[in-house]
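First the structure, in the form of structure tokens, and then the observations on it.
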Amino acid sequence: MKNGTNVACLVKDFYPKDVNISLKSSKKIAEFDPAIAISPSGKYSAVKLGQYGDSNSVTCSVQHNSETVHSTDFEPLANSLVHTKEVNMMSLMVLGLRMLFAKSVAINFLFTVKLFFF
-8 MKNGTNVACL
2 VKDFYPKDVN
12 ISLKSSKKIA
22 EFDPAIAISP
32 SGKYSAVKLG
42 QYGDSNSVTC
52 SVQHNSETVH
62 STDFEPLANS
72 LVHTKEVNMM
82 SLMVLGLRML
92 FAKSVAINFL
102 FTVKLFFF
């Protein structure tokens, strides 16, 4: 594929299943059919994916039950690097505390054995 920005239009919790999702842009590179899934509650969710030259010019239009909704709002990418750093530090801290606990149990066990047998 050519270089471009991936765009997704997500539609959640609708019923009945019939829905028309379109992504409109003057710089379309590729567009894919929507994927529709049913949730345990019986409502549907759908997502339509596309690749565009400029993601800021994309409009998501959804038509359902004679009602049309247009959206150009985009959710910015979260800074996952900071979150990953925090998770890694927490994992290392938990690992260190577990090792300290295991060492304490082992030393207590050895002192108990020494007390009873020697």
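Heads up, the sequence shown is in our numbering, so the first residue is -8 and it goes up one at a time. We treat Cβ as the ideally placed atom computed from N, Cα and C, and that holds for glycine. It should be emphasised that the depicted structure is a prediction, and the values quoted were computed from it without experimental measurement.
1. Who pairs with K105 in a beta bridge, going by DSSP?
2. Excluding the 5 residues flanking V10 on each side, which residues of the same chain have their C-beta closer than 8 Å to its C-beta?
3. Secondary structure at N11, three-state DSSP: helix, strand or coil?
4. Excluding the five sequence neighbours on either side, which residues of its own chain have a C-beta within less than 8 Å of the C-beta of M(-8), listed in chain order?
5. The ligand FMN heavy atoms versus the CB of Y6: any closer than 7 Å?
6. Excluding sequence positions up to five away, which residues of its chain have a Cβ less than 7 Å from the Cβ of S17?
7. Assign F23 to one of three DSSP states: helix, strand, or coil.
8. According to DSSP, simplified to helix, strand and coil, what is N47?
9. Would you kindly check if the distance between the Cβ of G33 and the Cβ of Y6 is under 8 Å?
10. Measuring straight from C-alpha to C-alpha, what distance separates M81 and L88?
11. For N79, which of helix, strand or coil comes out of DSSP?
12. Can you look up S95 in the DSSP assignment and give me helix, strand or coil?
Taking the structure as given:
1. Stepping through the sequence shown from its first residue, residue 105 is reached at position 114. When DSSP reads this structure, K105 sits in no beta bridge, so it has no partner.
2. Walking along the sequence shown from the start, residue 10 turns up at place 19. Sequence-distant Cβ neighbours of V10 in its own chain, meaning closer than 8 Å and more than five residues away, are V2, P25, I27, Y35, A37, V53, Q54 and H55.
3. Taking the first residue of the sequence shown as 1, we reach residue 11 at position 20. Reduced to three states, the DSSP call for N11 is strand.
4. Counted from its first residue, the sequence shown places residue -8 at position 1. Here the model assigns M(-8) a pLDDT of 37, short of 50, so the residue's position is not dependable, and the following value carries that caveat. Cβ neighbours of M(-8) beyond the five flanking positions: I20, A21 and Q42.
5. Absence of the ligand FMN is noted for the structure shown, with no ligands found whatsoever.
6. Position 26 of the sequence shown holds residue 17. Within the same chain, S48 come within 7 Å of S17 by CB-CB distance, once the 5 residues on both sides are set aside.
7. Taking the sequence shown and counting its residues from 1, the one referred to as residue 23 is at position 32. In the structure shown, F23 sits in coil (DSSP, three-state: anything other than H, G, I, E or B).
8. Taking the sequence shown and counting its residues from 1, one reaches residue 47 at position 56. Assignment of N47 by DSSP, reduced to helix, strand and coil, places it in the helix class.
9. Along the sequence shown, read from residue 1 onward, the residue named residue 6 stands at position 15. Along the sequence shown, read from residue 1 onward, the residue named residue 33 stands at position 42. Their beta carbons are under 8 Å apart, which means Y6 touches G33 by this criterion.
10. Position 90 of the sequence shown, counted from the start, is the residue given in the question as residue 81. Position 97 of the sequence shown, counted from the start, is the residue given in the question as residue 88. Rounded to whole angstroms, M81 to L88 spans 11 Å at the Cα level.
11. Counted from its first residue, the sequence shown places residue 79 at position 88. Here N79 sits in helix by DSSP.
12. The residue given as residue 95 occupies position 104 in the sequence shown. Collapsing the DSSP output to three states places S95 in a helix.
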